[in-house]
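**Q**
In this note's numbering, the protein residues as written are 151 to 515.
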């Protein structure tokens, strides 16, 4: 499969993302409501992908986002720098000191355990990135002059505000103008779209975005809610995805959007918060490729697992051009990322490839 990636020598960046990066508050093994202290991390659906591409897979990446220019914003920037991601494209917005003009997003997350599921409580209204317009970022400079081989963004950023929906469309159109491959994670969240027009608005925005996407990531519910496609005869109560039905749905979607080169989704069966069955599917050239199953996967922190799947998938596609290999990279990377705390990966490429090759959990000396 030839994605027609731009030549590396013509591009400063292998990959760039656009989206919100929040400060995550983690109460560890406890509850948010009873916590007396938190660990803090950075995290955001779109950012986590390029952070994984940098930290695990050694690619040169940058984040396009915006922060309120205060100590909290610079704390998140420091986390990003520790992850090796270029911060030079960040837009710093002036703030009035109490967040009336703009603020930085916060996310309180419980990991969950056993019968108690994970819980996320975000505080992200009126954030700097939700108010940012395409005039805050020189997309022609980023994609044209600097050069970017791969651009990733998603439906969480698009749903932040009316303005963010417009900004993501502008960014994707500009990326395509310069030949950059675009990946997009539908990641439908009804609660986020509700304030700006609900599912009707989600479909309006995502149907426009889909015209420019090369690699679309989303499960059957995402495709139904965001693009209006459904699996025929699918029972919403089924515990496992109807794979043949999913393929037919994507075949239909590809007729409407012939620009789709790859479509992928994770497969997760939640047994408890700490034990899931985990795998993934990848559609390419009219075929479905399924990754190996990770049955009874023990999970420390599930947040960011899907983003780490996406970064492994992107790495596999960029380096091998083989959808079957790419979905294995993504699935193994997502599995490993969920064995450590925080939104972002702590895995290495060598560990990912060892898991792909069947390595066990024996102690390494």
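Virtual Cβ for every residue (Gly too), placed ideally from N, Cα, C.
Over what stretch of residues does the alpha helix (DSSP H) that includes residue 499 continue unbroken?
**A** Taking the chain shown and counting its residues from 1, the one referred to as residue 499 is at position 349. Start and end: 499 to 506.
**Q** Just to confirm the assignment, what range does the alpha helix (DSSP H) spanning residue 244 have?
**A** As a first step, residue 244 must be located in the chain shown, where it is residue number 94. Element bounds for residue 244: n/a, residue is neither H nor E.
**Q** In angstroms with no decimal places, state the Cα-to-Cα distance between residue 158 and residue 299.
**A** Within the chain shown, the letter at position 8 stands for residue 158. Within the chain shown, the letter at position 149 stands for residue 299. Taking the straight line joining both Cα atoms gives about 7 Å.
**Q** Please list, in chain order, all residues of the same chain as residue 438 whose beta carbon is under 7 Å from its beta carbon, the five residues on each side excluded.
**A** As a first step, residue 438 must be located in the chain shown, where it is residue number 288. So the list reads 393, 397, 431, once near-sequence residues are dropped.
**Q** Looking at C-beta atoms only, is the number of pairs between the segment 471 to 485 and the segment 451 to 463 that lie closer than 8 Å three or more?
**A** Contact between the segment 471 to 485 and the segment 451 to 463 is present, with at least three C-beta pairs closer than 8 Å.
**Q** Can you tell me whether DSSP reads residue 204 as helix, strand or coil?
**A** For the purposes of this step, residue 204 is taken as residue 54 along the chain shown, with counting starting at 1. In the displayed model, residue 204 falls within a helix according to three-state DSSP.
**Q** From 312, 264, 318, pick the residue whose C-alpha is nearest to that of residue 284; which is it?
**A** Mapped onto the chain shown, residue 284 falls at position 134. Nearest option by C-alpha distance: 318.
**Q** Looking at C-alpha atoms only, which residue of 490, 474, 248, 328 is the closest neighbour of residue 151?
**A** Start at 1 with the first residue of the chain shown, and residue 151 comes out as number 1. When each option's Cα is compared against that of residue 151, the closest is 474.
**Q** Between the C-alpha atoms of residue 364 and residue 304, what's the straight-line distance to the nearest angstrom?
**A** Position 214 of the chain shown, counted from the start, is the residue given in the question as residue 364. Position 154 of the chain shown, counted from the start, is the residue given in the question as residue 304. Residue 304 has its alpha-carbon roughly 13 Å from the corresponding atom of residue 364.
**Q** Leaving out five residues before and five after residue 264 in sequence, what residues of the same chain have Cβ atoms less than 7 Å from its Cβ?
**A** The residue labelled residue 264 in the question sits at position 114 within the chain shown. So the qualifying residues of the chain are 422, 423, 424.
**Q** Taking residue 448 as part of the beta strand (DSSP E), name the residues at either end of that continuous run.
**A** Looking up residue 448 in the chain shown gives position 298. Segment 444 to 448, the beta strand (DSSP E) holding residue 448.
**Q** Determine the burial state of residue 447: buried for a count of at least 16 other Cβ atoms within 10 Å of its Cβ, exposed for fewer.
**A** Walking along the chain shown from the start, residue 447 turns up at place 297. Buried.
**Q** Alpha carbon to alpha carbon, how far is residue 454 from residue 426?
**A** Taking the chain shown and counting its residues from 1, one reaches residue 454 at position 304. Taking the chain shown and counting its residues from 1, one reaches residue 426 at position 276. Their backbone Cα atoms lie some 15 Å apart in a straight line.
**Q** Rounded to whole angstroms, what's the CA-CA distance from residue 399 to residue 405? Just pull it up for me.
**A** Taking the first residue of the chain shown as 1, we reach residue 399 at position 249. Taking the first residue of the chain shown as 1, we reach residue 405 at position 255. Near 10 Å, if we compare the C-alpha coordinates of residue 405 and residue 399.
**Q** Once DSSP output is grouped into helix, strand and coil, what is the label at residue 318?
**A** Within the chain shown, residue 318 is the residue found at index 168, counting from 1. It is helical.
**Q** With burial defined as no fewer than 16 other Cβ atoms inside 10 Å of the residue's Cβ, what is the status of residue 487: buried or exposed?
**A** In the chain shown, counting from the first residue as 1, residue 487 sits at position 337. So residue 487 counts as buried.
**Q** Determine the DSSP secondary structure at residue 290, reduced to helix, strand or coil.
**A** Reading the chain shown from its first residue, position 140 is the one you call residue 290. In the structure shown, residue 290 sits in a helix (DSSP, three-state: H, G or I).
**Q** Note down the Cα distance separating residue 243 from residue 235, rounded to an integer number of angstroms.
**A** Mapped onto the chain shown, residue 243 falls at position 93. Mapped onto the chain shown, residue 235 falls at position 85. For residue 243 and residue 235, the distance between alpha carbons rounds to 20 Å.
**Q** Can a CB atom of chain C be found closer than 7 Å to the CB of residue 183?
**A** Annotation note: the requested chain C is absent from the structure, which comprises a single protein chain.
**Q** Would you mind working out which of 429, 266, 330 sits nearest residue 180, comparing C-alpha positions?
**A** Locating residue 180 in the chain shown gives position 30, where the first residue counts as 1. With distances taken between Cα atoms, residue 180 lies closest to 266.
**Q** Which one or two residues does DSSP pair with residue 427 in a beta bridge?
**A** Sequence index remark: in the chain shown, residue 427 carries index 277 (1-based). The bridge partners DSSP lists for residue 427 are 419.
**Q** Rounded to a whole number of angstroms, what is the C-alpha to C-alpha distance between residue 387 and residue 491?
**A** As a position in the chain shown, residue 387 is number 237, starting the count at 1. As a position in the chain shown, residue 491 is number 341, starting the count at 1. In this prediction, residue 387 has a pLDDT of 48, which is less than 50 and means its spatial position is unreliable; what the coordinates show is noted afterwards. Answer to the nearest angstrom: the Cα atoms are 31 Å apart.
**Q** For residue 204, collect the residues of the same chain with a Cβ closer than 6 Å to its Cβ; drop the 5 residues on either side in sequence, then sort them by chain order.
**A** The residue given as residue 204 occupies position 54 in the chain shown. So the list reads 211, 234, 235, once near-sequence residues are dropped.
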